[in-house]
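Here's the structure we're looking at; comments come further down.
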Amino acid sequence: MRIIIDMNLSPLWVPYLQKYGFKVSHWSTIGKPNAPDTVIFQWAKENQAIIFTNDLDFGAILAASQANSPSVFQVRTQDLLPVSIGQIVMESLQRFSSELKSGALITLDLKRTKVRILPL
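With our numbering applied, the sequence shown corresponds to residues 2 to 121, in that order.
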């Protein structure tokens, strides 16, 4: 599974997820740090990557475009570092891997996970 980490999350996610076998890049190593979300969205779609973000805008882009890809994995917590939430993120990525591969918007907080199949 290929994952692109959005600018609003730490680059520390790259080595953390790589050790579990994910192919991961941080957007800062691919494109301009101030690129609009639509550019990241298009890149992820063209490269069959899942967007890992804390930004709600990607869900809005999916809803407005009725796109069936790329999948978006949103984390909705205060502490966004892998040392704090890495285990639950990794477990959720593995648990919902088939949905993410098929096209989904997954929203994770510490109490629950919401899965919406694309298109929205």
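C-beta atoms are modelled at their ideal positions from N, C-alpha and C, and glycine is treated no differently.
- Judged by DSSP in its simplified three-state form, residue 43 adopts helix.
- Residue 11 and residue 25 have their C-alpha atoms spaced approximately 12 Å apart.
- For residue 3, the enclosing beta strand (DSSP E) stretches over residues 3-6.
- With 16 or more other Cβ atoms from the protein chains shown falling within 10 Å of its own Cβ, residue 75 counts as buried.
- Counted as a single uninterrupted DSSP element, the alpha helix (DSSP H) harbouring residue 103 occupies residues 98-103.
- The three-state reading of DSSP puts residue 107 in strand, counting E and B together.
- Taking a contact to require three or more Cβ pairs closer than 8 Å, the stretch 89-107 and the stretch 63-77 qualify as touching.
- Residue pairing for residue 15: DSSP places it in no beta bridge.
- The alpha-carbon of residue 111 is positioned some 23 Å away from that of residue 2.
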